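In what follows, a single structure is set out as structure tokens and then discussed.
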Amino acid sequence: MAMLEIENIYVSYGMINAIRGVSFTVDRGEIIALIGANGAGKTTTLHTISGLLRPKSGSIRFNGTEITRVAPHKIVSMGIAQVPEGRRVFSQLTVLDNLKMGAYIRRDQKEIAHSLQTVYGWFPRLKERQNQIAGTLSGGEQQMLAMGRALMSHPQIILMDEPSMGLSPLLVTEVFNIIEEICKAGTTVLLVEQNAKKALTIADRAYVLETGTIALEGKAADLMNNDRVKKAYLGE
Amino acid sequence: MNDFLATLINGISLGSMYALIALGYTMVYGIAKMLNFAHGDIIMVGGITTFTVMQYTNMPPWVAVLAAVAVCTVLGVVIEKVAYKPLRGVSSLTVLITAIGVSYLLQNVALLTFGTENKSYSFSFLTALNWQINEHLIIQGSTIVNVVIMLVIMVALLLFVHFTKQGKAMRAVSEDNGAAQLMGINVNATISLTFAIGSALAGIAGFMYIGTYSQIGAYAGTMPGIKAFTAAVFGGIGSIPGAMIGGIALGIIEQFSKSILAQFQLSALADAIVFVILILVLLIKPTGLLGRQIKEKV
Ligand SMILES: Nc1ncnc2c1ncn2[C@@H]1O[C@H](COP(=O)(O)OP(=O)(O)O)[C@@H](O)[C@H]1O
Ligand SMILES: [Mg+2]
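As you go down the protein sequences, you meet chains A and B in turn.
At position 142 of the first sequence the residue is numbered 142 (our numbering), and the sequence of numbers has no breaks.
For our numbering, count along the second sequence from 1 and bump the result up by 236.
Here it is in structure tokens:
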């Protein structure tokens, strides 16, 4: 059984049908890339999984449990975390408080402290700046904070929405390396990207989203050699 | 000199009450992004509760205040659940009109049950606290109590929002409700908590109202509500210290305008000053003294 199963979901904003019959699955331990142009419906898909949006129809199951109508805060408790597009760190709170917000659903202080050390291990910059107000961090640091914050809930799966957006090429490489490490350490990753080349490099499988429907799917390595993908997303 | 001091002190006393009410507006606005225009009427309910306990039982004043706080807290949470929660996500104008409806409802229920006449009551313990500074200057017991309560609550609230998990979650919701939900914060529960706190403070303000004016009636909440709303806007809506500064400033401005206008037999105009201030702030600095620019979601 797949860890996350999205089955034929339809999502709309009023009259705009943003997602029209999308289905895909994510298995435990995988990195799955969901690539697509701006406006294809990637963020809408992630928001629907996290419960911030309700699908008009279709079903989302997590470890076999229906979560389609579950409240967002409960979905986090079940083990699904999200790094939202544009980071959305709490700019008035300190770095440390942002990380603690990530652990909001957890009670065991010892385990929280342990997660904090793990996050600081991946992002040493966050430790150096733990008492700084998050709004004063650079874009790259905010991205790391958003990732660290999501990890603080100790999720089974982490949904990442365009983590490379607005970062320098050097930082993009660093962020993608860390995503691979996060997966190796046992957290499943659903990675949404416009940077298809980078995403396909680290992903096991990928889905291509075009105007609200899945246009292509397959092994990441195969998709990289697919003519249509090459032309439309890899700029070759 | 003594006149000046007396006016200033009265202003601070009144301003402390406005500050407490403004806190309710500002916190609810910060979390739920709505103007709860029924907030003033919750003060009236707090005042009537205080009055009723004092008049018809032999309980000490603190029991009356506690009763007012309890009644207002429950009332605030229920109003939010019944009237505002179903409107989440619809246009803010709809919510505003609903809030005005709730305000009329509360006033009319009060008119029915409490009557149309204002009723008088003065706390003997407040008079006992009166403090004679010199021949001409006396600090009222109600002033001392108002200022002390306001300061204690302000410090407690600041400690709460800056140092507790729930308080930080509130600030997170206030800044970005969607991101807060992604942290596992229950936004509905946070909004309920905010209404509970704001309404509890309105209950205390109801007691302050009787302490200050020695009377209470069904329309008692209207003017303090509007003035405190102005204070919240003046200080920067959404900001807790802003509510305090705005409240005190407005109380002082009101008292001085009253005493100046009185010399020209125009004291009836004093309340209009408040609205002039509201309009000026909205024109010149809509974010108020301490307010932050609210980022529009793109
Ligand atoms: N809040 C919204 N209201 C109306 N339409 C929206 C909203 N958010 C997104 N859309 C529309 O839904 C479609 C998918 O958007 P989105 O999921 O953000 O795409 P992506 O993340 O792939 O760039 C787009 O056509 C977009 O204009
Ligand atoms: Mg997007």
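Quick reminder that beta carbons are idealized off the backbone N, C-alpha and C, glycines included.
In this text, all values refer to a predicted model and were calculated from it rather than measured experimentally.
* With hydrogens ignored, establish whether the beta-carbon of residue 45(A) is closer than 7 Å to any heavy atom of ligand 2. => no
* For residue 101(A), return the contacting residues in chain B, with the cut-off set at a CB-CB distance below 8 Å. => 404, 405, 408, 416, 419 and 421
* Should the segment 184 to 195 of chain A be called in touch with the segment 129 to 149 of chain A, which here means at least 3 C-beta pairs below 8 Å? -> no
* Compare the Cα-Cα distances from residue 217(A) to each of 33(A), 190(A) and 54(A) and report the closest residue. => 33(A)
* Residue from 484(B), 302(B) and 519(B) with nearest C-alpha to residue 460(B) -> 484(B)
* If you count every other CB in all the chains shown that lies within 10 Å of the CB of residue 347(B), and 16 or more means buried, which is it? -> exposed
* Could you tell me whether the Cβ atoms of residue 438(B) and residue 258(B) are closer together than 8 Å? => no
* To do: Mind the definition here: the segment 200 to 218 of chain A touches the segment 20 to 38 of chain A only if three or more C-beta pairs lie below 8 Å; say whether that holds.
  => yes
* Between residue 319(B) and residue 330(B), is the Cβ-Cβ spacing less than 8 Å? -> no
* Is the Cβ of residue 155(A) closer than 8 Å to any Cβ of chain B? -> no
* Is the beta carbon of residue 269(B) within less than 7 Å of some heavy atom of ligand 1? -> no
* Asked: What residues of chain A sit near residue 542(B), judged by a beta carbon separation below 8 Å?
  -> An answer regarding residue 542(B) cannot be provided, because it is not within the stretch 237 to 534 covered by chain B.
* Asked: Can you tell me whether DSSP reads residue 56(A) as helix, strand or coil?
  -> coil
* Below-8 Å beta-carbon distance, residue 6(A) vs any chain B residue -> no
* Asked: Mapping DSSP to helix, strand and coil, what is residue 531(B)?
  -> With a pLDDT of only 44 at residue 531(B), under 50, the local geometry of the prediction cannot be trusted, and no value is derived from it.
* **Check: residue 38(A) C-beta below 7 Å from any heavy atom of ligand 1** => yes
* **CB contact below 8 Å: residue 117(A) versus chain B** => no
* To do: For residue 41(A), verify whether its CB is less than 7 Å away from any heavy atom of ligand 1.
  => yes
* To do: Flag this pair as yes or no: are the beta carbons of residue 376(B) and residue 249(B) separated by less than 8 Å?
  => yes
* Going by the beta-carbon positions, is the gap between residue 447(B) and residue 381(B) smaller than 8 Å? -> yes
* **Below-8 Å beta-carbon distance, residue 490(B) vs any chain A residue** => no
* To do: Taking residue 12(A) as the reference, give the member of 23(A), 44(A) and 24(A) with the closest Cα.
  => 44(A)
* Asked: Contact check, residue 62(A) vs residue 4(A) under 8 Å by CB: the rounded distance?
  -> 6 Å
* To do: Return the residues of the segment 63 to 81 of chain A that lie within a Cβ-Cβ distance of less than 9 Å from chain D, sorted by chain order.
  => In the displayed structure, chain D is absent; the protein chains listed are A and B.
* Asked: Looking at residue 16(A) and ligand 1, is the gap between the Cβ and the nearest heavy atom below 7 Å?
  -> yes
* If you scan the segment 76 to 163 of chain A from start to end, which runs of the alpha helix (DSSP H) of 4 or more residues do you find wholly inside it? -> 95 to 102, 109 to 122, 124 to 128 and 139 to 151
* **Nearest-angstrom Cβ-Cβ length linking residue 262(B) and residue 479(B), presumed shorter than 8 Å** => 4 Å
* Check the DSSP bridge columns for residue 17(A) and list the partner residues they point to. => 12(A)
* Asked: In three-state terms, what does DSSP make of residue 236(A)?
  -> coil
* Using a Cβ cut-off of 9 Å, pull out every chain A residue sitting near residue 507(B), in sequence order please. => None at all; the shortest Cβ gap to chain A is about 35 Å.
* DSSP puts residue 62(A) in a beta bridge; with which residues? -> 4(A) and 65(A)
* To do: Find out if the Cβ-Cβ distance for the pair residue 281(B), residue 307(B) is shorter than 8 Å.
  => yes
* Along chain A, in chain order, which residues have C-beta atoms closer than 7 Å to that of residue 411(B)? -> 90, 91 and 92
* residue 496(B) to residue 503(B) span [Cα, whole Å] -> 8 Å
* Roughly how many whole angstroms lie between the Cα atoms of residue 429(B) and residue 117(A)? -> 32 Å
* In angstroms, rounded to a whole number, what distance separates the CA positions of residue 521(B) and residue 273(B)? -> 22 Å
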